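Accompanying notes for the structure given below.
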Ligand code: SF4
Ligand code: SF4
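Residue numbers (this note's numbering): 13 to 455.
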């Protein structure tokens, strides 16, 4: 594992500023409430996803698909334009590495990362690393379990005797984060992270990335003879958190953190020159003074696809009814003819209320292949309706009855569309089409 040398500079300060926003955002987001409900939570046991006052269910899996496709396309689009900016500036692996390094340096000073660092100091560093890993793991778990309930769990007397399941997951993620930060770090970026591979393939010679100006820099200074501007101070090498040499060209290990750019700015500053390493494209390094080509086939294709996905998601969200209903023919009670000549079919249904208030849905027949009128029998109510508690679900039973006309009797299976409409917001409606069977016995 590489413990790189600390470096100050403009990029380092900017990244600290970004991390100062990202870390609290990550830690406190699950605590935020939107009208009393979580801003974000994936409740796996209840199979619900809460986002900004909305509840999504697995039945709306197309949103998940759009989200994943959108994330993939964003990665392609931004990587094509600005290289591995995600890795260097926002990836939790990088952000936590900086945090853990800061702890190490604060406790051990210049001895941090050195073999002769005092044992007691190292023990304190590892203790603090484990504590931060625990906080990080708790924050991660609170995206899946209610953090307020987690606190209540801790207060209960049975907590230590029979811990809730989230405790085991917290233990697992604490150990994983600690092991990653204390022993793995850049090895994960280099050998395990799939995004690193993806992003390297997505870049081209016009992508803005951390690049070495080889035209100015080479050939490097050797034995006091300087031909190019690079003084061969190797500061860019020793500050690199992944232990690579940016002067060798694009490397899958480079996370675009810009530490080498800050390092070179220091060295070159002493010589009164501009840094040899910075955020520019390979083509700009080849042709000094060339401007960045933002618009090119790749960026246009990825940008267009991303825009299509965003528009589709927006349209679907706008037209979304916060409900889910299912209606199926009763498997036990078969369609039957009742005294008086009416035919009845029986159905079982379930209605999910994806709002946080108690709502009532009226049920009506919107379409039918029967010529005769269809009556809905639901628990003896005048207007067939279903009432469901906020964020709840309700099973219901429907009987459809008709006095079939002669033409209706010629067809065995008819189709009836039932419409469920939210009384409070009639825009929220859902149609369910069910089969209606005419019993053939004795006809
Ligand atoms: S080469 Fe530079 S930008 Fe890339 S990881 Fe190393 S220090 Fe960061
Ligand atoms: S920091 Fe700059 S001058 Fe020093 S070795 Fe690296 S590229 Fe050369």
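Every residue gets a Cβ at the ideal spot worked out from N, C-alpha and C, and that includes glycine. Keep in mind it's a predicted model, so treat the numbers as computed, not measured.
Rounded distance between the beta-carbons of residue j and residue i, thought under 8 Å
i	j	result
residue 405	residue 364	5 Å
residue 434	residue 371	6 Å
residue 279	residue 247	6 Å
residue 376	residue 414	Contact flag wrong, Cβ pair sits at about 15 Å.
residue 57	residue 50	So it is not a contact: roughly 15 Å between Cβ atoms.
residue 295	residue 218	6 Å
residue 321	residue 19	In fact, because the Cβ distance is near 39 Å, the residues do not count as touching under 8 Å.
residue 251	residue 227	Contact flag wrong, Cβ pair sits at about 23 Å.
residue 38	residue 149	Incorrect: roughly 12 Å between the Cβ atoms, too far for contact.
residue 34	residue 107	6 Å
residue 1	residue 222	The structure shown has nothing for residue 1, since the chain only spans 13 to 455.
residue 198	residue 159	With 8 Å as the limit, residue 198 and residue 159 do not qualify as a contact, their Cβ atoms being about 32 Å apart.
Rounded straight-line distance, which links the Cα of residue j to that of residue i
i	j	result
residue 410	residue 157	36 Å
residue 449	residue 425	5 Å
residue 17	residue 327	49 Å
residue 290	residue 212	18 Å
residue 44	residue 69	21 Å
residue 259	residue 109	23 Å
residue 464	residue 29	This structure cannot settle anything about residue 464, because the visible part of the chain is limited to 13 through 455.
residue 367	residue 71	15 Å
residue 422	residue 402	44 Å
residue 192	residue 95	24 Å
residue 232	residue 125	29 Å
residue 184	residue 398	44 Å
residue 130	residue 120	8 Å
residue 116	residue 22	22 Å
residue 142	residue 187	8 Å
residue 8	residue 382	This structure does not reach residue 8, given that the chain is present from 13 up to 455, and the question cannot be answered.
residue 356	residue 165	51 Å
residue 359	residue 380	16 Å
residue 334	residue 171	36 Å
residue 86	residue 201	20 Å
residue 325	residue 73	12 Å
residue 416	residue 346	17 Å
residue 209	residue 338	43 Å
residue 276	residue 288	6 Å
residue 427	residue 451	14 Å
residue 316	residue 330	21 Å
residue 419	residue 79	49 Å
residue 167	residue 176	12 Å
residue 281	residue 318	41 Å
residue 412	residue 313	52 Å
residue 348	residue 67	39 Å
residue 273	residue 163	44 Å
Reference residue i, options the options, closest by Cα
i	options	result
residue 146	180, 161, 380, 220	180
residue 127	300, 341, 14, 447	14
residue 305	92, 50, 77	92
residue 134	160, 159, 194	194
residue 100	85, 251, 285, 268	268
residue 48	444, 427, 369, 153	369
residue 395	177, 360, 427, 431	431
residue 342	322, 277, 447	447
residue 303	310, 293, 311	293
residue 63	256, 286, 46	46
residue 207	443, 77, 90	90
residue 444	353, 362, 26	362
First through last residue of the beta strand (DSSP E) which encompasses residue i
i	result
residue 223	221-224
residue 120	Segment 104-120 is the alpha helix (DSSP H) holding residue 120; no beta strand (DSSP E) there.
residue 426	425-434
residue 365	355-365
residue 72	Per DSSP, residue 72 belongs to no beta strand (DSSP E) and is neither H nor E.
residue 443	441-449
residue 375	371-380
residue 243	Careful: residue 243 lies outside any beta strand (DSSP E) and carries neither H nor E.
residue 386	386-389
residue 147	Not the beta strand (DSSP E): residue 147 falls in the alpha helix (DSSP H), residues 131-153.
residue 452	Careful: residue 452 lies outside any beta strand (DSSP E) and carries neither H nor E.
residue 414	405-414
Span of the alpha helix (DSSP H), counted from its first residue to its last, around residue i
i	result
residue 167	159-167
residue 280	271-282
residue 295	294-298
residue 330	309-330
residue 249	247-250
- Secondary structure, beta strand (DSSP E): runs of 3+ residues fully inside the stretch 13-67: 52-55, 60-63
- Message: Which complete beta strand (DSSP E) runs does the stretch 182-235 hold, if anything under 3 residues is left out?
- Response: 221-224
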